[in-house]
Amino acid sequence: MDISKLYSLFLEHPVVTTDTRDCLEGSIFFALKGASFNGNEFAQQALENGCSYAVIDEKSEGMEDSRLILVDDVLTTLQQLANYHRKQLGTKIIGVTGTNGKTTTKELIAAVLSEKYNVLYTLGNFNNHIGVPKTLLRLTKEHDIAVIEMGANHLGEIKTLVDIVEPDCGIITNVGRGHLGGFGSFEGVIKTKGELYDFLRPSHATVFIHNENEHLRKIANGLTLVKYGTEKADDLAVYGEVVECAPYLTFRWGKGTATVNTVKSKMIGDYNIYNMLAAATIGLTFGITEEQICHALTEYTPSNNRSQLTVTEHNRLVVDAYNANPTSMAAALNNFQKMAVEHKMVILGSMGELGDVSFEEHCKIVEMLKQMELDDVWLVGDEFRKTGHPFLQFDNVEAVKARIADCQPQGKYILIKGSNSQKLFQLPELL
């Protein structure tokens with residue numbers, strides 16, 4: 549089917565789904581395929597569950613329903629439809645990517661812009677080749693601005709996403725040593741994240757950039773740069789400085805090199821000042837007042853196990869258990885070390901997708917731990933075990949749970965961080 553004809557059907561049925569458990573009446577089902585499932589096999593069920601149409605790329609005997617739309621490739625069609633929809637609406641789109649902080653930065657940008665505009669933004673971290681087009685297809689004429697997060701763990705993935713999104717401006721939060729197994733090297737990370745800049749460069753579009761990040765500055769030629777940072781410079785749009793982390797981040801910020809505004813945030817981690825300043829910079833660019841920006845940043849509450857402080861009956865938990873890579877792990881430990889609290893303990897899970905440098909990077913974290921003053925260190929997973937560290941070692945989260953049941957830690961400040969695959973997000977309720 550021609551994409552314009554499919555789009556006409558979408559306008560009549562403007563909800564898409566890829567899950568037969570989530571078939572709203574009148575929606576369109578896209579029969580995606582994965583390593584262990586084939587959505588084509590569930591197309592008829594989707595129609596029975598309430599979908600008006602089902603887009604398929606395999607048609608078996610007996611599939612004669614006129615509501616089945618046969619295409620060459622369902623995923624490609626979903627992406628093309630999203631791009632077509634984006635072009636028809638012409639909504640201003642801010643593209644967000646980076647190794648660390650992109651989800652938090654996206655949330656903060658959306659919070660700030662929502663002080664004035666109707667904003668569509670990526671829910672959670674649905675930032676891949678499926679999540680991005682599904683987000684775009686949620687756009688309506690009522691939205692003034694969209695903030696679209698784009699993630700990658702392999703070379704070339706950001707190019708695929710920006711070609712779908714076609715952002716008007718963008719931000720790379722940073723480039724760090726994450727997903728090195730997929731990118732091949734740190735240079736591969738820079739190249740792939742830089743594909744956002746590559747898309748924006750021909751039109752000399754605006755890029756919001758952390759001025760002290762030399763890796764980003766090196767690849768930002770030919771773009772209109774709006775700069776923010778924590779080191780004073782004449783050409784900064786926004787400057788900020790940390791006041792304290794006790795344990796929440798408090799910082800001052802202002803236009804240029806001024807610091808006329810104070811924000812007492814609900815976020816843990818001095819590294820979050822860069823995410824906050826990025827949101828403030830974008831807010832000012834889009835006409836949000838300094839007072840409105842301060843209100844949004846003060847009221848923002850983190851979720852999904854990102855930079856959260858949880859106070860329990862027994863302990864205080866610094867929970868950052870959604871994901872981990874060498875850069876974010878080091879930042880979390882450095883911040884935890886600065887916190888002026890007693891009886892510190894860390895529970896760290898192994899970092900995934902690091903390829904050939906995994907042993908080296910885990911050794912670096914172990915060396916950091918040796919230099920810190922901590923009551924207890926619990927390390928989880930094979931990658932930490934291989935380092936031969938002197939701390940308490942666990943095979944998996946189930947072993948940690950058993951240890952907690954035997955000797956319930958009490959009166960501790962506990963940092964919990966690890967890759968999502970380690971499932972450390974299951975620990976807070978036990979501590």
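Using the numbering used here, read the sequence shown as starting at 549 and increasing by one per residue.
Cβ coordinates follow ideal geometry from the N, Cα and C atoms, glycine included.
6 Å CB neighbourhood of residue i in its chain, flanking five on each side removed
| i | result |
| --- | --- |
| Glu909 | Pro874, Leu902 |
| Gly646 | Ile720, Thr721, Asn722 |
| Cys599 | Cys571, Ser575, Phe577 |
| Pro750 | none |
| Val889 | Tyr961 |
| Val622 | Phe578, Ala579, Leu580, Val603, Asp605 |
Of the residues the options, the one placed nearest residue i, counting alpha carbons only
| i | options | result |
| --- | --- | --- |
| Met893 | Arg933, Ala879, Leu979 | Leu979 |
| Thr639 | Leu773, Leu668, Thr624 | Leu668 |
| Glu714 | Gln628, Asp904, Asn863 | Gln628 |
| Leu572 | Val695, Asp613, Lys664, His561 | His561 |
| Met916 | Asp550, Ala880, Glu589, Met815 | Ala880 |
| Ala980 | Phe747, Leu845, Leu626, Thr651 | Since the first residue of the chain shown is 549 and the last is 979, residue 980 is not available in this structure. |
| Glu838 | Lys664, Leu709, Ile952 | Lys664 |
| Phe510 | Tyr601, Leu703, Phe907, Thr772 | Residue 510 is absent from the structure shown; the chain starts at 549 and stops at 979. |
| Leu845 | Ala878, Val563, Ile757, Ile821 | Ile821 |
| Trp926 | Gly966, Asp621, Ile617, Val905 | Gly966 |
| Ile738 | Ile706, Glu612, Ala753, Asp716 | Ile706 |
Per-residue DSSP class, three states only, for residue i
| i | result |
| --- | --- |
| Lys912 | helix |
| Asp782 | coil |
| Gln956 | coil |
| Asp924 | strand |
| Glu792 | strand |
| Glu609 | coil |
| Met698 | coil |
| Ala602 | strand |
| Gly736 | helix |
| Cys717 | strand |
Cutoff 8 Å: residue i Cβ touching any chain B Cβ
| i | result |
| --- | --- |
| Leu963 | No chain B is present in this structure, which holds just one protein chain. |
Cβ neighbours of residue i in the same chain (closer than 8 Å, five flanking residues each side left out)
| i | result |
| --- | --- |
| Leu784 | Asn759, Lys775, Tyr776, Gly777, Gly804, Thr805 |
| His891 | Asp923, Gly959, Lys960, Tyr961 |
| Lys949 | Gln974, Leu975, Leu978 |
Start and end residues, beta strand (DSSP E) containing residue i
| i | result |
| --- | --- |
| Ser813 | 809-816 |
| Asp904 | From DSSP, Asp904 is part of no beta strand (DSSP E); its letter is neither H nor E. |
| His709 | The amino acid occupying residue 709 in the given sequence is Leu; His does not appear at that position. Taken as a continuous stretch (DSSP letters only), Leu709 belongs to no beta strand (DSSP E), being part of the alpha helix (DSSP H) at 705-713. |
| Thr754 | 754-758 |
| Thr1004 | Since the first and last residues shown for the chain are 549 and 979, residue 1004 lies out of range. |
| Ile836 | Per DSSP, Ile836 belongs to no beta strand (DSSP E) and is neither H nor E. |
Residue span of the alpha helix (DSSP H) that contains residue i, given as start and end
| i | result |
| --- | --- |
| Leu978 | Unbroken run through Leu978: none, as it is neither H nor E. |
| Phe578 | Unbroken run through Phe578 is the beta strand (DSSP E), 576-578; no alpha helix (DSSP H). |
| Phe747 | 743-748 |
| His763 | 762-766 |
| Phe558 | 551-560 |
CB-CB length for residue i against residue j, believed under 8 Å
| i | j | result |
| --- | --- | --- |
| Pro976 | Val867 | 6 Å |
| Gly897 | Val928 | 4 Å |
| Asn823 | Thr653 | 4 Å |
Close-in-space but distant-in-sequence residues of the same chain around residue i (CB under 7 Å, 5 per side omitted)
| i | result |
| --- | --- |
| Tyr632 | Ile551, Tyr555 |
| Asn676 | Gly699 |
| Gly835 | Lys664 |
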